[in-house]
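In what follows, a single structure is set out as C-alpha cells and then discussed.
Protein chains: 2
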Amino acid sequence: MIKNRIRRLREKMAERKIDAYIIPSSDPHQSEYLADHYKTREYISGFTGSAGTVVVTMDKAGLWTDGRYFIQAEEQLKDTGIDLYRMGVENVPTIIEFIQRETPEHGKVALDGSSYPYDNYLQLLKKLGSRMILTDIDYIGEIWENRPEIPGDKVFLYEKEYTGQNTSEKLQILRSKMREAGADYHFIGSLEDICYLMNIRGHDISFNPVVISYALISMEVANLYIDMAKVPEEVLNYLRDNGVRIKDYDRIFEDLAEIPGKSVIYIDPKRTNVNIYHAINSNVRFIKGRNMTEMMKAIKNEVELEHLKNAFIKDGVALVKFFNWLETGAPTGTLTEYYVADRLHDFRREGEDFIEESFGTISAYGENAALPHYSPIKGRSATIKNRGFYLVDSGGHYLDGTTDITRTLAMGDLSEDEKYHYTLVLKAHIQLMLCDFPRGTKSSMLDSITRYPLWREHLDFNHGTGHGVGYLLSVHEGPQSISKVNNEVDMLPGMVTSNEPGIYIEGSHGIRIENIMVCIRKEENEFGDFLGFEPLSYIPIDTRPVMKELLSPEEIDWLNDYHKKVFEKLSPYLEGDEFDYLEKSTLEI
Amino acid sequence: MIKNRIRRLREKMAERKIDAYIIPSSDPHQSEYLADHYKTREYISGFTGSAGTVVVTMDKAGLWTDGRYFIQAEEQLKDTGIDLYRMGVENVPTIIEFIQRETPEHGKVALDGSSYPYDNYLQLLKKLGSRMILTDIDYIGEIWENRPEIPGDKVFLYEKEYTGQNTSEKLQILRSKMREAGADYHFIGSLEDICYLMNIRGHDISFNPVVISYALISMEVANLYIDMAKVPEEVLNYLRDNGVRIKDYDRIFEDLAEIPGKSVIYIDPKRTNVNIYHAINSNVRFIKGRNMTEMMKAIKNEVELEHLKNAFIKDGVALVKFFNWLETGAPTGTLTEYYVADRLHDFRREGEDFIEESFGTISAYGENAALPHYSPIKGRSATIKNRGFYLVDSGGHYLDGTTDITRTLAMGDLSEDEKYHYTLVLKAHIQLMLCDFPRGTKSSMLDSITRYPLWREHLDFNHGTGHGVGYLLSVHEGPQSISKVNNEVDMLPGMVTSNEPGIYIEGSHGIRIENIMVCIRKEENEFGDFLGFEPLSYIPIDTRPVMKELLSPEEIDWLNDYHKKVFEKLSPYLEGDEFDYLEKSTLEI
Chain G
1 MIKNRIRRLR EKMAERKIDA YIIPSSDPHQ SEYLADHYKT REYISGFTGS AGTVVVTMDK
61 AGLWTDGRYF IQAEEQLKDT GIDLYRMGVE NVPTIIEFIQ RETPEHGKVA LDGSSYPYDN
121 YLQLLKKLGS RMILTDIDYI GEIWENRPEI PGDKVFLYEK EYTGQNTSEK LQILRSKMRE
181 AGADYHFIGS LEDICYLMNI RGHDISFNPV VISYALISME VANLYIDMAK VPEEVLNYLR
241 DNGVRIKDYD RIFEDLAEIP GKSVIYIDPK RTNVNIYHAI NSNVRFIKGR NMTEMMKAIK
301 NEVELEHLKN AFIKDGVALV KFFNWLETGA PTGTLTEYYV ADRLHDFRRE GEDFIEESFG
361 TISAYGENAA LPHYSPIKGR SATIKNRGFY LVDSGGHYLD GTTDITRTLA MGDLSEDEKY
421 HYTLVLKAHI QLMLCDFPRG TKSSMLDSIT RYPLWREHLD FNHGTGHGVG YLLSVHEGPQ
481 SISKVNNEVD MLPGMVTSNE PGIYIEGSHG IRIENIMVCI RKEENEFGDF LGFEPLSYIP
541 IDTRPVMKEL LSPEEIDWLN DYHKKVFEKL SPYLEGDEFD YLEKSTLEI
Chain W
1001 MIKNRIRRLR EKMAERKIDA YIIPSSDPHQ SEYLADHYKT REYISGFTGS AGTVVVTMDK
1061 AGLWTDGRYF IQAEEQLKDT GIDLYRMGVE NVPTIIEFIQ RETPEHGKVA LDGSSYPYDN
1121 YLQLLKKLGS RMILTDIDYI GEIWENRPEI PGDKVFLYEK EYTGQNTSEK LQILRSKMRE
1181 AGADYHFIGS LEDICYLMNI RGHDISFNPV VISYALISME VANLYIDMAK VPEEVLNYLR
1241 DNGVRIKDYD RIFEDLAEIP GKSVIYIDPK RTNVNIYHAI NSNVRFIKGR NMTEMMKAIK
1301 NEVELEHLKN AFIKDGVALV KFFNWLETGA PTGTLTEYYV ADRLHDFRRE GEDFIEESFG
1361 TISAYGENAA LPHYSPIKGR SATIKNRGFY LVDSGGHYLD GTTDITRTLA MGDLSEDEKY
1421 HYTLVLKAHI QLMLCDFPRG TKSSMLDSIT RYPLWREHLD FNHGTGHGVG YLLSVHEGPQ
1481 SISKVNNEVD MLPGMVTSNE PGIYIEGSHG IRIENIMVCI RKEENEFGDF LGFEPLSYIP
1541 IDTRPVMKEL LSPEEIDWLN DYHKKVFEKL SPYLEGDEFD YLEKSTLEI
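Heads up: the sequence lines are chains G and W, in that order.
Counting along the first sequence from 1, when you hit position 30 you're at 30 in the numbering used here, and nothing is skipped either side.
Numbers in the numbering used here are just positions in the second sequence, counted from 1, shifted up by 1000.
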C-alpha cells in the first residue's frame, strides 16, 4: 500500500522532473498535534509517530525521526521501501545532506508550502540555495483518495467568566505592543494564539481544543479567517462587538497580498507557513519574532488561575478514585496498561465540565516506564502486577482549564534501587518547588537547580524539567521552558509550568513526579523582587517508596505540608474507601 | 588642567568640523588593563576607573561608566566640565542616544580606530549609519605632551617545563581548527592569546604579564608582530625553531593588506581593532568568532595544572602568614586597609618565583567590604578594628601560574546578621564545590545552583559567581563564565574557574569566599560523563563566624575535609606561631 503511494508520488514527480519531494509533519499552523486531514507524512509512509519528515527521490525514500521513535519507525517502515534515518545518531546524514548527495547539483526540490514552516524553509534556502526549490506542489493532496475533511465542528465562545478579559481588551494590549515594535500588522498563524485572542475554542484537533483559522491584526482592523459555517450566531455577535471581522479561511492570502508596500508586518517565522510568507508583497517590511500573543497568554490572569485551581481539584479527585480502584484491582492480575488508562479517562469524565484528555495517556508498568514517551497499545500492553512501579502521565481539558499530572505508584514490593531513585526524583521535584529566585532569572536557569540532587548522585534524565501549560489550549506552550537548552525568557509571575524530573533505568523501571506550578511573587527587598512557585496540582505523591533518611528536614516539611493541603482540598469530594485512600495516602511521614 | 585638554581637543575638532569625538578605555588589543601609554580616556577626563568612555562635542562632554564607579567618577569629574552619565540607570541616555541628540543629522563623529574595538564600531555603524564616522583621527595622541612610551621591557621565554607544549605543537592544533572552519588565516589581536600561543611573557601591562604584539597565522606561516628590540636572542631562536617569524609591530597592516582576495580570514570582532579590520582587502571573506586559541588556553594541561597547584601552595603560605600577622596587629588600632594590603604583597614576594600581583588588592574593612570592587587609597583608607569583618581579595602571578583568592575574616565580635550571612555565603560556595554535572552543561547553568541557598533566603549578589583564570596571564579569562548571563560554553575538564559568591549589606558589611577550582572528570555512566570541581586554592576558610546549625552534614563534611587538606598542604612550610595559626584555623567544626 505504502509502496503504491510512493510509486504514484514518483509518477507525479517525474512529470515535472522533480528530484526530491519533502513531506513534513506539519499543518498550515505548525500545530503540535495534527487534524487527520493534515497527516500527509503518515499517509505516505505509514509511520504514525508525532515527529518525522519523509523525503522521496526517484530511487530512494527516507524517514527522519528522533530517538523516541526509532523502534516504532523501524517496525512501521518494514517493507515500505522507506529507509529510516535516525536523527542525532553519528554519521547519519541530515535531510539537507541527503538531498545534496542524492540529487543533481541544480536539481529540483519541491514541497507543499502551505504546510511547510517558513523557518525550516529559510534553512533549506540557505543550504540548498543553488537548487531550485518549488513551494507550490501539493502532490500528497493529489494522490490521497478519501482524504479526511478539514474538521467542521462548531466553535464555542469562551466566556469572560473564564478568560477574565474580552477580546477587545486583549486587542488593545496587542496593539500597544505592535505600536512599541513599530509594526502596522501582526499576522498570527498559530491556533492557540488565535483562540486565546479571540476567546474561542473548538474541536478541530484531538487533545487541542483549537479552531483552524488565521488572524491578521492592524491598528484599525482585526480579521479572523475561518470556515464561516463553524461559527454560531452567538460567537459572530461576540466577535463583531469586540471589533473582529470574520472572513473566509482562504481570504487571508488575498488580504496579505493587499498590504500596501512599505508597511511593517510582524510575523513569527516558526508559526508561519511558506505560502503565507510568499503572499505578502515584497516591499512590505518584516519584523520577525515570537507571536506577541505568546507572552500575553503565558501569563495567566487571576480569573484564569482561579479556574485552573478548580480544574486541578477535579483532576485530583479523579486520580484518587483511579488510584484507589487500581490498587484494589491490580492483585487480580487482570489489569493492562491500556485498560487502566481507559478507566482513568472514565474517572476524569465524571468531573464537571470535562471536555477531553489533554494528551494521550502514558500508562506504563515496570520497564515500560523507562521509556519517557511510552504509550500503551490496545491488545499489546503489559499487565500490571503487584510489585514494582506503575507510572501514569495524563491530563484533561476542563472548561476550567488544562491539567497535566504524573505520579509513580508502588504496586507492591520495591527494590532498594527503585526506592533510592524514587526518593531522588522526589528531592529534585521539591528542590524546584522550594526555589525562590529574583525577577530576571531565565527559565532555563531553573533546570540545573532541579537536577542538582540527581547530578550529585551521577544520575540525570533526558527530557526537559518543565514546560508551560496552556489554558484550555495546548498542554505544551511557551515561551518559558525549564530545560538544558538556554532560554532567554524570564520566569514571570502568572506563568504556569510543569515540574517533572525523572529517572529511567532501561529494562528495569522508570520514575517521574510531575506537578503543575504557578509562578508567584514572594518578597521584594534590596536584593531583588523574589519570585517562587506554588503548586496548582494537589494529588497525593506516593510516600511508600520514600527513603526518609535521604530527605532533609525542609524536604520532609514540604512533603507533609503538601499532603495536608491535598487532604484539605480533595476530602470534601470523596467518600467511603476513596476518602480512606486519600486519608491514608496523605499521612505525614 | 582637564578643561584645558578638552579645549585643545575642541580646537582640533573645529579644524575638521568634527561634531563628536569618542575616547574609549581601550588599547589596540582590547586588553582589560591598559599600559599607561594607552590611558587616553584617563588623560582627557582625569577619571581613573577601569571602565568608561568619554564623548566630547563642541559644547558638551560626558563620561559613561557603570555602577562600580559612580561615586569615584563624580569626585574625579568635579570642575572638569564633563558630565557623568550613569550607565544602567533609568532615563540616562546611552552614548549613541547622546550623539544622536547632540550632533546634527549628518554630523561627523570621529574616533581613533587603532584603539577602538571592531565590535563596538559595528554597533555605532548600525545606529549612526547616516552620520559620517571617521576612524583615523588620533587627537589625544596629538595633544598629549609627555605621553608615556609604549613599554619596552624584555620578553621572556615561558619554557615547556611550565607550558607543557611547544609553540609548534600549539600551532599544529590551531591549524587543524582553522582547517575545520575553512579559514586560511587567523588574525589574533588579544595579547593573552598571543602569549599563550608563542609561549612568551613580558611586563608591558601591570598585573598582566603580556607583551604588546599581533599575530597572523596561515597554513604555512606564523608571524609575530612585535617591537623587535624587546626580543632576546633566546626567544628569537625558540620562535624560529618553532616555525614563527618575527616582524616589526606595525608590519601587521601591510601583511593584512597583502592577503589575496577570496582568501578566508578568521577574526574575533571583540578582540580586533577597527584599523586592523580596515587594513584587510574588501574581497577577503571573514569568519567571525572567538579567537580559536581561547578554548585551547582555557583547558589547562597536566603540566600547567601541576604548576598551578604549586602556585596555590605558595599563595596559601603567604596568606596564612598574613592572617597571623594581621590578627596580632589589628587590636593595636594602627593597621589601615592600604597598609595591610602592602604587607600582604610583601608576604607573597617571599614566595619562590613570585612575579607580581595579578590585580589590585581589594582590602576592605567593615562597611567598605560592601563595595565588591573597593580599592583602598593610600592615606585615606579605613583602620581595621577588632570587631566585624575584614575582606581581602588578592592574587599573584608566579612562574607557576596565576592565583586569585578571597577570604573574609572575623576580626572580633560579629552581629547575628554577619554570622548568618557568612554561613549562607559559605553554603553557596560549598554548593558549587559539591556540584557534579554531566558533560554538556553550560557554564552559566552552574550559576543558579550556587545562588540557590541565598535565593531561598531572598538574598543575592550583584556580580558573577565565577570567571576563568589565566595561566601566568590575565586573572580574568574566558570563554567559560559562571554568571546570570546565558553563556553557551560548556564547562569542561581542565578549565580553571573561580567560585566566589558573596553578600553585601550597604553601610554595614560585605562577605565573599573565593576559591579557584579545576574542572575534573568524575564518572562516566549511562546517564552521562559526569564532571565536577576540585579546589586549587588551599587556604583556611574562617570557621569562627559559621552557624553550624545552618550547615547540612554534607556541607560540614566538605568543610572539615577541606581544612584537613589545607593543613596537609601548608603545614610543611610554616613554623612557630604561623604553624599554630594554621593548626587552629583548620580545626574541625
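Every residue, glycine too, gets a C-beta built ideally from N, C-alpha and C.
Note that the structure is a prediction, hence the values are computed from the model and not measured.
Rounded C-alpha distance that separates residue i from residue j
i, j, result
"Tyr504/G", "Asn166/G", "44 Å"
"Glu1367/W", "Glu1416/W", "16 Å"
"Ala428/G", "Ile71/G", "30 Å"
"Tyr116/G", "Pro1493/W", "42 Å"
"Ala73/G", "Gly46/G", "9 Å"
"Pro1331/W", "Gly1470/W", "37 Å"
"Glu90/G", "Leu84/G", "14 Å"
"Asn525/G", "Tyr118/G", "45 Å"
"Thr293/G", "Leu174/G", "7 Å"
"Asp561/G", "Thr586/G", "10 Å"
"Lys1003/W", "Leu1009/W", "10 Å"
"Ile405/G", "Val231/G", "33 Å"
"Leu102/G", "Thr53/G", "The residue you asked about is not Leu; residue 102/G is Glu in the sequence shown. Spanning the two alpha carbons is a distance of roughly 16 Å."
Helix, strand or coil at residue i according to DSSP, with G and I counted as helix
i, result
"Trp64/G", "strand"
"Lys1378/W", "coil"
"Ile1267/W", "strand"
"Phe207/G", "coil"
"His1563/W", "helix"
"Phe461/G", "coil"
"Leu492/G", "coil"
"Met1292/W", "helix"
"Gln30/G", "coil"
"Glu523/G", "strand"
"Tyr1196/W", "helix"
"Lys1177/W", "helix"
Exposure of residue i, with buried meaning 16 or more beta-carbon neighbours within 10 Å
i, result
"Thr1065/W", "buried"
"Ala1014/W", "exposed"
"Gly1062/W", "buried"
"Gln1123/W", "exposed"
"Pro1501/W", "buried"
Element boundaries [alpha helix (DSSP H), containing residue i]
i, result
"Ala448/G", "According to the sequence shown, residue 448/G is Ser rather than Ala. That run of the alpha helix (DSSP H) goes 445-455."
"Asn120/G", "118-128"
"Asp1529/W", "Careful: Asp1529/W lies outside any alpha helix (DSSP H), inside the beta strand (DSSP E) at 1528-1535."
"Asn1310/W", "1302-1329"
"Gln1431/W", "1416-1433"
"Phe1579/W", "1576-1585"
"Tyr471/G", "Tyr471/G -> no alpha helix (DSSP H), and no H or E assigned at all."
"Phe1047/W", "No alpha helix (DSSP H) holds Phe1047/W; DSSP gives it neither H nor E."
Contact set for residue i: own chain, Cβ-Cβ below 6 Å, skip 5 residues either direction
i, result
"Arg68/G", "His373"
"Phe1527/W", "none"
"His463/G", "Pro372"
"Phe1322/W", "Leu1344, Phe1347"
"His421/G", "Ile503, Ile511"
"Ser1537/W", "Phe1312, Ile1405, Asn1515, Ile1516"
Extent of the continuous beta strand (DSSP E) to which residue i belongs
i, result
"Gly396/G", "396-398"
"Asp83/G", "83-86"
Own chain residues within Cβ distance below 8 Å of residue i, not counting five before or after
i, result
"Arg1005/W", "Tyr1043, Ile1044, Ile1143"
"Pro1209/W", "Cys1195, Arg1201, Gly1202, His1203, Ile1355, Glu1356, His1397, Leu1472, Leu1473"
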